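Residue 1 is where the sequence shown starts when you use the working numbering, and the numbers rise one by one after that.
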Amino acid sequence: MAPAEGAEYHWVVMAASRLELNLVRLLCRCEAMAAEKRDPDEWRLEKYVGALEDMLQALKAQASKPASEVLNEYSRKVDFLKGMLQAEKLTSSSEKALANQFLAPGRVPTTARERVPATKTVHLQSRARYTSEMRSELLGTPEMDVRKRTGASGPTPRDEKQSAAELDLVLQRHQNLQEKLAEEMLGLARSLKTNTLAAQSVIKKDNQTLSHSLKMADQNLEKLKTESERLEQHTQKSVNWLLWAMLIVVCFIFISMILFIRIMPKLK
């Protein structure tokens with residue numbers, strides 16, 4: 001590891017809390033168990049990985065939790081171990097090999113003694129093992145037949161031709177299997193692309209509808225402002241005319257009263 005990487009990931013040796021220290025220890029134990037050859041009935045590693053998930057969640061909930069890069073690396077390693085256990089439960093070796101290709105091992109050693117991340121080593125070992133199992137499934141029967149036919153006297157030209165034909169047949173089957181997997185992945189990619197385009201079209205229509213609604217709301221607001229101004233002007237005009245009419249009526253009544261007062265004594 002380069003000095004810059006060693007300085008950047010110094011957290012490997014110095015755990016910030018007791019919970020993180022326990023997590024690192026259990027993670028080292030799980031990586032060591034994953035690198036070893038285990039019995040099919042082995043259950044401890046699965047329980048340890050479950051405990052790792054609980055400890056990781058508790059570490060993320062702490063107030064004094066590590067940096068986000070450290071937590072992401074812990075999550076990456078735990079997810080790798082979990083995915084490796086799920087891949088081991090598959091029945092076919094081709095399915096195991098395909099699932100193993102999608103696993104992402106850790107990028108940083110868990111302890112300072114490791115030169116290469118243990119999860120990366122486990123990933124390479126499992127890939128080689130699944131490839132060997134798949135090759136054994138494909139080549140196991142022809143090899144046994146060739147050995148039985150050749151015996152101790154060695155292969156004859158006819159046996160060599162037959163074994164070559166059988167090898168071509170096995171390689172053809174392997175190529176057909178790879179093409180089938182490639183077609184399935186291509187179909188999944190096309191389906192994902194179709195769904196993405198459909199979702200994009202729906203979102204585009206929703207955005208257009210929202211823009212039209214906002215435009216209509218702005219227009220209605222402008223019309224409402226205009227009508228409000230006209231109503232206010234009309235109200236002001238009505239009040240002015242009413243005020244002048246009331247003034248005229250009051251003046252008329254006042255003058256009438258004066259005239260009435262002046263006229264009444266003369267009548268007596």
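For each residue, glycine too, the CB sits at the ideal point set by N, CA and C. Bear in mind the structure is a predicted one, so any value in this text is a computation, not a measurement.
### Task
With DSSP as the reference, label alanine 152 as helix, strand or coil.
Annotation note: pLDDT 43 at alanine 152 (below 50); position unreliable, coordinate value reported separately. If DSSP states are grouped into helix, strand and coil, alanine 152 belongs with coil.
### Task
Would you mind sorting lysine 180 into buried or exposed? The rule is 16 or more other CB atoms within 10 Å of its CB.
exposed
#### Entry: Minimum C-alpha distance to lysine 37 - residue among Gln172, Arg129 and Leu231
Arg129
### Task
Note down the Cα distance separating leucine 210 from serine 191, rounded to an integer number of angstroms.
28 Å
### Task
Give a yes or no on contact between the stretch 38–54 and the stretch 80–96, applying the rule of three or more CB pairs nearer than 8 Å.
yes
### Query
Would you say methionine 55 and leucine 23 are within 9 Å of each other, going by their C-beta atoms?
yes
### Task
Please check the pair leucine 26 and leucine 52, which I expect to be a contact at CB under 8 Å, by giving their CB distance rounded to whole angstroms.
6 Å
### Query
Can lysine 77 and threonine 119 be called in contact, C-beta distance under 9 Å?
yes
### Message
Between the alpha carbons of valine 250 and serine 256, how many angstroms are there, rounded?
### Response
10 Å
### Query
In terms of residue numbering, what span does the alpha helix (DSSP H) encompassing valine 24 cover?
18–35
### Query
When we look at the beta-carbon of asparagine 72 and count the other beta-carbons within 10 Å, is it buried (16 or more) or exposed?
exposed
### Message
Please classify glycine 151 as buried or exposed, where buried requires at least 16 other C-beta atoms within 10 Å of its C-beta.
### Response
In this prediction, glycine 151 has a pLDDT of 47, which is less than 50 and means its spatial position is unreliable; what the coordinates show is noted afterwards. Counting Cβ neighbours within 10 Å, glycine 151 comes out exposed, since fewer than 16 surround it.
### Query
Whose C-alpha, out of Ser228, Cys28, Arg44 and Leu85, is nearest the C-alpha of arginine 113?
Cys28
### Query
With burial defined as no fewer than 16 other Cβ atoms inside 10 Å of the residue's Cβ, what is the status of serine 136: buried or exposed?
exposed
### Message
Only counting the same chain, and skipping five residues up and downstream in sequence, which positions put a Cβ closer than 6 Å to that of leucine 124?
### Response
none
### Message
By the DSSP assignment, the alpha helix (DSSP H) with glutamine 101 in it spans what residues?
### Response
93–101
### Task
State buried or exposed for glutamate 20, treating a residue as buried only when at least 16 other CB atoms are found within 10 Å of its CB.
buried
### Message
Using CA atoms only, rank isn't needed, just tell me which of Glu183, Glu133 and Met216 is closest to lysine 282.
### Response
Because the chain in this structure spans residues 1 to 268, residue 282 falls outside the shown range and cannot be described.
### Message
To the nearest angstrom, how far is the alpha carbon of isoleucine 248 from that of isoleucine 258?
### Response
15 Å
### Message
Rounded to the nearest angstrom, what separates glutamate 175 and proline 40 at their Cα positions?
### Response
In the sequence under discussion, the amino acid at residue 175 is glutamine, which differs from the glutamate named in the question. Distance between the alpha carbons of glutamine 175 and proline 40 is about 30 Å.
### Task
Please specify which runs of the alpha helix (DSSP H), each continuous and at least 4 residues long, are wholly inside the stretch 42–69, giving them in chain order.
44–61
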